[in-house]
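Undergrad:
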Amino acid sequence: MAAFTEGVPCWVDAQLPDLEAGKRFYGELFGWTYREAAAEGHGHHAEALLDGQPVASLAPKRDGRMPTTWGVHFSCDDITATARKIRNAGGQVIMAPVPFGRAGVMALAADPGGAVFGLWQAGERSGFAVQGQPGSFCWTEVYTREKESVDRFYEEVFGFRGTPLPDDTVDYLMWSPAGTEPGEESAIGGRSVITEAFPAEMPGHFLIYFAVGDCDAAVETVTRLGGRVTAPPFDIPYGRMAVLTDNQGAAFAVLAEPKGDPGAEDRAEAEAEAEAATRSGSTAGADAGSAAD
Numbered sequence: 398m399a400a401f402t403e404g405v406p407c408w409v410d411a412q413l414p415d416l417e418a419g420k421r422f423y424g425e426l427f428g429w430t431y432r433e434a435a436a437e438g439h440g441h442h443a444e445a446l447l448d449g450q451p452v453a454s455l456a457p458k459r460d461g462r463m464p465t466t467w468g469v470h471f472s473c474d475d476i477t478a479t480a481r482k483i484r485n486a487g488g489q490v491i492m493a494p495v496p497f498g499r500a501g502v503m504a505l506a507a508d509p510g511g512a513v514f515g516l517w518q519a520g521e522r523s524g525f526a527v528q529g530q531p532g533s534f535c536w537t538e539v540y541t542r543e544k545e546s547v548d549r550f551y552e553e554v555f556g557f558r559g560t561p562l563p564d565d566t567v568d569y570l571m572w573s574p575a576g577t578e579p580g581e582e583s584a585i586g587g588r589s590v591i592t593e594a595f596p597a598e599m600p601g602h603f604l605i606y607f608a609v610g611d612c613d614a615a616v617e618t619v620t621r622l623g624g625r626v627t628a629p630p631f632d633i634p635y636g637r638m639a640v641l642t643d644n645q646g647a648a649f650a651v652l653a654e655p656k657g658d659p660g661a662e663d664r665a666e667a668e669a670e671a672e673a674a675t676r677s678g679s680t681a682g683a684d685a686g687s688a689a690d
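Position in the sequence shown (first residue = 1) + 397 = the numbering used here.
(1) Go to Ser573, then tell me how far its beta strand (DSSP E) extends in each direction, as first and last residue.
(2) Could you compute how far the alpha carbon of Phe471 sits from the alpha carbon of Lys458?
(3) Taking the alpha-carbon positions, what's the Ala683 to Ala584 distance?
(4) Curious, which full-length beta strand (DSSP E) runs of at least 3 residues does the stretch 497-581 contain?
(5) Beta carbon of Ala506: closer than 6 Å to some heavy atom of the ligand GDP?
(6) Identify which residue in Gly501, Glu581, Pro561 and Gly510 has its Cα closest to the Cα of Trp536.
(7) Determine the burial state of Ile491: buried for a count of at least 16 other Cβ atoms within 10 Å of its Cβ, exposed for fewer.
(8) Find the nearest neighbour of Tyr635 within the set Thr627, Thr566, Arg621 and Val609, judged by alpha-carbon distance.
(9) Grab me the residues of Leu446's own chain with a C-beta within less than 8 Å of its C-beta, minus the 5 sequence neighbours each way, in chain order.
(10) At which residue ranges does the stretch 581-653 contain complete beta strand (DSSP E) runs of 3 or more residues, listed in the order of the chain?
(11) In this structure, how does DSSP classify Arg432 when only helix, strand and coil are distinguished?
(12) Compute the beta-carbon to beta-carbon distance between Thr541 and Ile591, rounded to the nearest angstrom, for a pair I have assumed lies under 8 Å.
(13) Count the other CB atoms, across all protein chains shown, that sit within 10 Å of the CB of Phe595; report buried if there are 16 or more and exposed otherwise.
(14) What residue range does the beta strand (DSSP E) around Ala453 cover?
(15) What does the alpha-carbon distance come out to for the pair Gly586 and Ala628?
(16) Determine the DSSP secondary structure at Thr477, reduced to helix, strand or coil.
(17) Going by Cα to Cα distance, which pick from Gly510, Val405, Gly449 and Phe422 is closest to His602?
(18) Run the CB neighbour count on Gln489, radius 10 Å, all protein chains shown included, and call it buried at 16 or more, exposed below.
(19) What does DSSP give as the partner residue(s) for Phe401 in the beta ladder?
(20) When DSSP labels each residue in this structure, what does Ala486 get in the three-state scheme?
(21) Just reading off the alpha helix (DSSP H) that Gly419 is part of, what are its end residues?
(22) Taking Pro406 as part of the beta strand (DSSP E), name the residues at either end of that continuous run.
(23) Please state the DSSP three-state secondary structure of Gly468.
(24) Assuming Pro480 contacts Pro494 under a Cβ cut-off of 8 Å, what Cβ separation, rounded to an integer in Å, is found between them?
(25) I think Glu538 touches Arg499, with their Cβ atoms under 8 Å apart; what is that distance to the nearest whole Å?
(26) Pull up the distance between the alpha-carbon of Tyr423 and that of Gly404, whole angstroms please.
(27) Mapping DSSP to helix, strand and coil, what is Met463?
(28) Does the separation of the CB atoms of Pro579 and Thr560 fall below 7 Å?
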């Protein structure tokens, strides 16, 4: 499995009250199958597979006070050094780096706006084996009320360089990893703003996007399975998206490429080649994330 570069999203997981119910929900929605996994001191979890390749994991919540949520993990070469950067940049280390079996080392942190994310230093496991394909991760973005401090934070910790969207009426930055030319082609995530359109009590958070073949069909499936629609399907330059909540309360988004786009197949092939070479992630969700505002 190819290595992920510093600061690139490399894994997503969900903490759920009912693991078996979660497996049924996402199995039907994304076509996932599962294999049971366990690491000493971390209990068991279900590793989600797409065509036999790992794409995510589902785990039971150990504490009812924990949120039911999807989380993203960013790759880092030296997790101890990255944790130190987080503290120095005004963030918090919620869980100090701990080994996760032989797979790697994990930590949890929060940015100055309170959004929680994970860190992952690879051991035997680097992260996703598939991304950007229907049923797998394709994008993530942080929603915050503290954009100035949060922008500085991710630049200092991961070296992200932000590119505003062409539409200056939308306050959104696309993140490009350190060492790349900032812009849409190199973007691996983004920063959005919690506006007045959101509930006043909404905290800073990450939203995870999954690619799907048909956005409307995915929304119908989620509704049938007991989930909820937060933002109904709508069209954006990169396809059609919706924001959803599963039947246990975990929020996520789905994104489908435009139907009948003559360049979609070529782009998919190019993205697959780039993924295999660098694991630099999908760029399709940048405008999708801004549209969610």
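Built from N, CA and C at the ideal position, the CB exists for glycine as well.
TA: Taking the geometry as given:
(1) Taking the sequence shown and counting its residues from 1, one reaches residue 573 at position 176. Leu570 to Ser573 is the span of the beta strand (DSSP E), which, as asked, contains Ser573.
(2) On the sequence shown, residue 471 is found 74 positions in, with the first residue counted as 1. On the sequence shown, residue 458 is found 61 positions in, with the first residue counted as 1. Straight across, the Cα-Cα distance linking Phe471 with Lys458 is about 21 Å.
(3) The count along the sequence shown starts at 1 and reaches residue 683 at position 286. The count along the sequence shown starts at 1 and reaches residue 584 at position 187. Low confidence applies here, because Ala683 scores a pLDDT of 41, under 50, leaving its location unreliable; read the following figure in that light. Straight-line Cα distance between these residues: approximately 8 Å.
(4) Listed in chain order, the beta strand (DSSP E) elements of length 3 or more contained wholly in the stretch 497-581 are 501-507, 513-519, 534-541, 558-561 and 570-573.
(5) With respect to the ligand GDP, the structure offers nothing, as it holds no ligand at all.
(6) Taking the first residue of the sequence shown as position 1, residue 536 is located at position 139. Closest option to Trp536, Cα to Cα, is Glu581.
(7) Translated into positions along the sequence shown, residue 491 becomes position 94. Exposed, by the Cβ-count rule.
(8) As a first step, residue 635 is located in the sequence shown; it is residue number 238 there, counting from the start. Residue Val609 is the option with its Cα nearest to Tyr635.
(9) The residue given as residue 446 occupies position 49 in the sequence shown. Around Leu446: Trp429, Thr430, Tyr431, Arg432 and Val452.
(10) At a cut-off of 3 residues, the continuous stretches assigned as beta strand (DSSP E) that sit fully inside the stretch 581-653 are 586-590, 602-608, 625-633, 636-642 and 648-653.
(11) Start at 1 with the first residue of the sequence shown, and residue 432 comes out as number 35. Correct three-state label for Arg432: strand.
(12) Taking the sequence shown and counting its residues from 1, the one referred to as residue 541 is at position 144. Taking the sequence shown and counting its residues from 1, the one referred to as residue 591 is at position 194. At roughly 6 Å, the Cβ-Cβ gap stays under 8 Å, so Thr541 and Ile591 are in contact.
(13) Along the sequence shown, read from residue 1 onward, the residue named residue 595 stands at position 198. With fewer than 16 other Cβ atoms from the protein chains shown falling within 10 Å of its own Cβ, Phe595 counts as exposed.
(14) By 1-based counting over the sequence shown, the position of residue 453 is 56. Ala453 -> beta strand (DSSP E) spans Gln450 to Pro457.
(15) Position 189 of the sequence shown, counted from the start, is the residue given in the question as residue 586. Position 231 of the sequence shown, counted from the start, is the residue given in the question as residue 628. Taking C-alpha positions only, Gly586 is separated from Ala628 by approximately 20 Å.
(16) Start at 1 with the first residue of the sequence shown, and residue 477 comes out as number 80. The answer is helix: DSSP assigns Thr477 an H, G or I state.
(17) For the purposes of this step, residue 602 is taken as the residue at position 205 of the sequence shown. For His602, the closest of Gly510, Val405, Gly449 and Phe422 by C-alpha to C-alpha distance is Gly510.
(18) Your numbering for residue 489 matches position 92 in the sequence shown. That one is exposed.
(19) Looking up residue 401 in the sequence shown gives position 4. Note: Phe401 sits in no beta bridge, so no partner.
(20) As a working note, residue 486 is residue 89 in the sequence shown. Three-state DSSP puts Ala486 in coil, outside helix and strand.
(21) As a first step, residue 419 must be located in the sequence shown, where it is residue number 22. Residues Leu416 to Phe427.
(22) Translated into the one-based positions of the sequence shown, residue 406 becomes position 9. Per DSSP, Pro406 belongs to the beta strand (DSSP E) from Pro406 to Leu413.
(23) For the purposes of this step, residue 468 is taken as residue 71 along the sequence shown, with counting starting at 1. Strand at Gly468.
(24) As a first step, residue 480 is located in the sequence shown; it is residue number 83 there, counting from the start. As a first step, residue 494 is located in the sequence shown; it is residue number 97 there, counting from the start. One detail in the question is off: residue 480 reads as Ala in this sequence, not Pro. About 6 Å; that satisfies the 8 Å criterion.
(25) Here residue 538 refers to the residue found at position 141 of the sequence shown. Here residue 499 refers to the residue found at position 102 of the sequence shown. For a cut-off of 8 Å, the C-beta gap from Glu538 to Arg499 is around 32 Å, too long to register as a contact.
(26) Counting from 1 along the sequence shown, the entry for residue 423 is found at position 26. Counting from 1 along the sequence shown, the entry for residue 404 is found at position 7. The alpha-carbon atoms of Tyr423 and Gly404 are separated by roughly 27 Å.
(27) The residue given as residue 463 occupies position 66 in the sequence shown. Note: Met463 maps to coil in three-state DSSP.
(28) Your numbering for residue 579 matches position 182 in the sequence shown. Your numbering for residue 560 matches position 163 in the sequence shown. Their beta carbons are under 7 Å apart, which means Pro579 touches Thr560 by this criterion.
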